[in-house]
Structure formats: C-alpha cells, structure tokens
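Using the working numbering, you'd call the opening residue of the sequence shown number -6 and step up by one each time.
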Amino acid sequence: MLKNFEYSMLPFGFVHCFCNNCRKADQCLRNLTLSYVPDTEVTVKMINPHLVVPDGKCPYYLSSKTKKFAYGISHLFDELPFGKVKSVREELINHYGRTNYYRLKRKERSFPPAEQDYVKSVLQRYGVKGTPAFDEYREEYDWEGR
-6 MLKNFEYSML
4 PFGFVHCFCN
14 NCRKADQCLR
24 NLTLSYVPDT
34 EVTVKMINPH
44 LVVPDGKCPY
54 YLSSKTKKFA
64 YGISHLFDEL
74 PFGKVKSVRE
84 ELINHYGRTN
94 YYRLKRKERS
104 FPPAEQDYVK
114 SVLQRYGVKG
124 TPAFDEYREE
134 YDWEGR
C-alpha cells in the first residue's frame, strides 16, 4: 500500500510491471501502482515479461520508499560572496542546462538527493560550508530512480 498516492501522480509514460512472483514486487513502485490503475485507463505501459528478473535483482526496480526532494534556490547564493555568485550560477547552468536551471529555480523541477549533493559540492568549492539553502523539501516517490 502506497501512502498519499493517487494514480494521477505518475509521470506520463510510466512503465508498470506485472511480475507478481518477483521477490521485490511488494516494494517496487512499478508493481505496487498497478492496484491504483483507474477503470478509465484503457491501456497501460508494461515491462516486457521476458525481460523481468524475478530474483530481486531487476534493473527496472523502483523502490517504494520516499526520498527527500528539494525545491527552489531563491536563497542558494545568500552565503556566497557577491563576486562568486556569477561563477556558481554559470557552473550550475552548465551542468543542468539553462532551461532546467530556471525550472529548478522556479520549483517546476526538483533536486533529488544526488543532485542536492552535487549542488553542495559546488558551493563547498567556492567556500560555503554546511547544507545548501533550498526553499523547501518534500518527501516524494522517486519515479525515475534518481
């Protein structure tokens, strides 16, 4: 059973798994979300059953544990000396691309834990100690396995 879940939360094109005999089926988002498919959905995408590895070492496994995602960077540069802000901003834009950088800034896209660590490492190289000042954090399912 998934907590605070609605089928509409799934990203477009999400791929399900129908392998109920998999050792990790009761912990995998691809399998657990099947019981939430509404009657209005005529079709759903699924992993080719011939590619599923039921021994629990499946490359398509997505953990049903939530992760702490960060949103927004309106205070990210507060601890930086003014002269370093432009360099850090350019480094982040080079890493994420201009469009994604601004989507991250406007909270249209989140920072999964690994990306939070990347931002922290960039700021540390420029002398900022501690945790980056993201605007907010949310516990969410990791639909992309990031």
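Just so you know, even glycine gets a beta-carbon here, dropped at the ideal spot from N, CA and C.
Strand pairing of residue i, partner residues [DSSP]
{"i": "His9", "result": "Met39"}
{"i": "Phe62", "result": "Arg131"}
{"i": "Ser56", "result": "Cys21"}
{"i": "Phe75", "result": "Per DSSP, none; premise fails for Phe75."}
Expected contact under 8 Å - CB spacing of residue i and residue j to nearest Å
{"i": "Lys60", "j": "Glu133", "result": "7 Å"}
Span of the alpha helix (DSSP H), counted from its first residue to its last, around residue i
{"i": "Tyr95", "result": "Arg91 to Lys98"}
{"i": "Tyr112", "result": "Tyr is not the amino acid found at residue 112; the sequence shown has Val there. Val112 -> alpha helix (DSSP H) spans Pro106 to Arg118."}
Buried or exposed (CB count within 10 angstroms, at least 16 for buried), residue i
{"i": "Lys(-4)", "result": "exposed"}
{"i": "His68", "result": "exposed"}
{"i": "Tyr95", "result": "exposed"}
{"i": "Asn41", "result": "exposed"}
{"i": "Val30", "result": "exposed"}
{"i": "Arg23", "result": "buried"}
{"i": "Phe70", "result": "buried"}
{"i": "Ser57", "result": "buried"}
{"i": "His43", "result": "exposed"}
{"i": "Phe5", "result": "exposed"}
{"i": "Thr92", "result": "exposed"}
Inset, instruction - Determine contact between the segment 29 to 36 and the segment 72 to 83, defined as no fewer than three beta-carbon pairs at a distance below 8 Å. - result: no
Inset, instruction - Inspect the CB distances between the segment 83 to 95 and the segment 121 to 129 and report whether three or more fall short of 8 Å. - result: no
Legend entry - Inter-stretch contact at 8 Å, needing at least 3 Cβ pairs: the segment 95 to 109 / the segment 60 to 69: yes
Inset, instruction - Check whether the segment 1 to 20 touches the segment 43 to 50, taking contact to mean three or more Cβ pairs, one atom from each stretch, closer than 8 Å. - result: yes
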